[in-house]
Every structure is written in C-alpha cells, then in structure tokens.
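Okay, so here's the structure we're looking at.
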Amino acid sequence: MIESKPKADLLRYLQSARDALLWKLDGLSEYDVRRPLTPTGTNLLGLVKHVASVELGYFGDTFGRPSGEALPWLADDAEADADMWAAADESRERIVGLYRRAWEHSDATVSALALDAIGHVPWWPQERSEVTLHQILVHMIAETHRHAGHADIVRELIDGAVGLREGNANMPPGDRSRWEDHRLRLERVADEAGRG
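If you count the sequence shown from 1, you need to add 41 to reach this note's numbering.
Written as structure tokens, this is what we have:
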C-alpha cells in the first residue's frame, strides 16, 4: 500500500502548475511575453505576475506571515488589474524572480504550519474569510493550473507551441498541416451544428 503524504502531494501538484506556467515564457521575446492576445489583455508575463502576487497573499498575509515583498500594483490607489500585466520597466527577470521568491515563502509557510492551521483571507467576505492551510493549498493549485491553462492558449496563439511541460506535449502527434486540417474539420462541424 502506498502511504500518502498530504502536504507533499499538494505541493507537488502546486509545483507542477508553477513550472508549467514559467515554461510558457521560454524562448519568447520581451514583446511576446507581454503581448495581449485576448480582448481583456491576457498575456504571459501578466499571468506570472498575478499568480506570484496572489500566492504571496494567500500563504503570507492570510496566515500572519507577510513576505515583505513590495507589491505596489496591489495598493489601494493602483490601477485596476495592474497585477495582470508588466509595465515596460518591470523586467521578465524581476517578475520571474518575484514568483520564485513567492514559491520559497509559500513552501516555508506550508512546512511551518499544519494543514488544519487557521488563517483569514483579508480580501474575502467576512463570512467565508476563515480558512485552513489545506483549503488555501487546494485553492492555489486550482488557481495556478487555471492560469497555466490560459498560458497554454496564449502561447499557442503566439507561436503554435503547445504542451503540458517540457518533454511531455500531452498532444497527439501531428505536424502543422495535420493541425490545420483538424481545425478546418472542427470549423465545418461547428458550422453544420450551428445550422442544425
């Protein structure tokens, strides 16, 4: 029988999402990592900045363990959604470094506290702001994987690169023409169903 180690299991899932999110930046120019590719401006570096920011909050402030990182884009007078994009003077290295420091801070919190440790999320409604470390770990796994999924799509729109993680595309084999044929077929099916 395999013995489960709940903290280790949860951290492994969180780390796989963290790694996937950062991997989507590999090999891209400064322009491409900042390039907004949805009507709401979703971009790769902004996703990393956002997830770093919320991870610091959830594993820091929520459990009375502030990181000490300055996050001016979260100040009361900051522009709305300033955590979802990187300004020209916020380098990729700075944002990625912030994210890696967030991991260290978060992992230290997880190591220091029991899964049933109580915290309070200051930006959640009062009636549900009391949480456990276990809840926050699950929340951050879901949040990080959600944004890694956004990054998958944004990266595919930039240069066609796809995959779950380095060395594991998690996609059926096929070259560019196979995928173009597949997409056209799906477009025809959608059209047919829409006329249905």
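From the three backbone atoms N, C-alpha and C, an ideal C-beta is built for every residue, glycine too. Please read all numbers here as calculations on a predicted model, not as lab measurements.
Which residue comes first and which comes last in the alpha helix (DSSP H) that contains THR150?
Working through the sequence shown from its first residue, we reach residue 150 at position 109. That run of the alpha helix (DSSP H) goes 133–153.
Boundaries (first-last residue) of the beta strand (DSSP E) holding GLU171
Translated into the one-based positions of the sequence shown, residue 171 becomes position 130. Unbroken beta strand (DSSP E) run through GLU171: 171–173.
Could you name the residues that DSSP lists as bridge partners for HIS161?
The count along the sequence shown starts at 1 and reaches residue 161 at position 120. In DSSP, HIS161 forms a bridge with GLU171.
Looking at ASP73 and the ligand MN, is the gap between the Cβ and the nearest heavy atom below 8 angstroms?
With respect to small molecules bound, the structure shown includes none, and the ligand MN cannot be examined in it.
Per DSSP, what kind of secondary structure is SER218 in: helix, strand or coil?
In the sequence shown, counting from the first residue as 1, residue 218 sits at position 177. Three-state result, SER218: helix.
Supposed contact pair LEU62 and ALA192 - C-beta distance, whole angstroms, cut 8 angstroms
Here residue 192 is taken as the residue at index 151 of the sequence shown, counted from 1. Here residue 62 is taken as the residue at index 21 of the sequence shown, counted from 1. Their Cβ separation, rounded to whole angstroms, is 5 angstroms, which keeps ALA192 and LEU62 in contact under 8 angstroms.
Alpha carbon of PRO163 to alpha carbon of GLY105, nearest angstrom:
As a working note, residue 163 is residue 122 in the sequence shown. As a working note, residue 105 is residue 64 in the sequence shown. Distance between the alpha carbons of PRO163 and GLY105 is about 11 angstroms.
Spatial neighbours of ALA143 in its chain, beta-carbon cut-off 6 angstroms, leaving aside the 5 residues before and after:
The residue given as residue 143 occupies position 102 in the sequence shown. For ALA143, where only same-chain residues beyond five positions count, the Cβ hits under 6 angstroms are ALA93, GLU96, LEU97.
How would you write the range of the alpha helix (DSSP H) that PHE104 sits in, first residue to last?
Working through the sequence shown from its first residue, we reach residue 104 at position 63. Neither: PHE104 is in no alpha helix (DSSP H) and is coded neither H nor E.
Within 9 angstroms, strictly: CB atoms of ARG226 and LYS65:
Stepping through the sequence shown from its first residue, residue 226 is reached at position 185. Stepping through the sequence shown from its first residue, residue 65 is reached at position 24. At a Cβ-Cβ threshold of 9 angstroms, ARG226 and LYS65 do not count as neighbours.
Look at the alpha carbon of ARG141 and the alpha carbon of GLY235, and state the distance between them as a whole number of angstroms.
Locating residue 141 in the sequence shown gives position 100, where the first residue counts as 1. Locating residue 235 in the sequence shown gives position 194, where the first residue counts as 1. Spanning the two alpha carbons is a distance of roughly 46 angstroms.
What residue from GLU145, GLN176, ASP148, SER108 has the CA that sits closest to GLY160's CA?
Residue mapping note: residue 160 aligns to position 119 of the sequence shown, counting from 1. The residue with the shortest Cα to Cα distance from GLY160 is GLN176.
Beta-carbon proximity of LYS48 to SER152, cut-off 9 angstroms:
Taking the sequence shown and counting its residues from 1, the one referred to as residue 48 is at position 7. Taking the sequence shown and counting its residues from 1, the one referred to as residue 152 is at position 111. Yes, the Cβ-Cβ distance between LYS48 and SER152 is below 9 angstroms.
Where does the unbroken alpha helix (DSSP H) through VAL203 begin, and where does it stop?
Numbered from its first residue, the sequence shown carries residue 203 at position 162. Where VAL203 is concerned, there is no enclosing alpha helix (DSSP H), given that its DSSP letter is neither H nor E.
In whole angstroms, what separates the C-alpha of ASP216 from that of GLY204?
Against the sequence shown, residue 216 aligns to sequence position 175. Against the sequence shown, residue 204 aligns to sequence position 163. Computed Cα separation, rounded: 14 angstroms.
Buried or exposed (CB count within 10 angstroms, at least 16 for buried), ALA116:
Your numbering for residue 116 matches position 75 in the sequence shown. It counts as exposed.
Take the Cβ of HIS223 as the centre, count every other Cβ of all protein chains shown within 10 Å, and call the residue buried at 16 or more, exposed below.
Reading the sequence shown from its first residue, position 182 is the one you call residue 223. With fewer than 16 other Cβ atoms within 10 Å, it is exposed.
Is it the case that the Cβ atoms of HIS180 and TYR99 are separated by a distance below 9 angstroms?
By one-based count along the sequence shown, residue 180 stands at place 139. By one-based count along the sequence shown, residue 99 stands at place 58. With contacts defined as CB atoms closer than 9 angstroms, HIS180 and TYR99 qualify as a contacting pair.
Judging by CA-CA distance, which residue of LEU51, ALA128, PRO107, SER57 is the nearest neighbour of ARG75?
Here residue 75 corresponds to residue number 34 of the sequence shown, with the count starting at 1. Ranking LEU51, ALA128, PRO107, SER57 by Cα distance to ARG75 puts ALA128 first.
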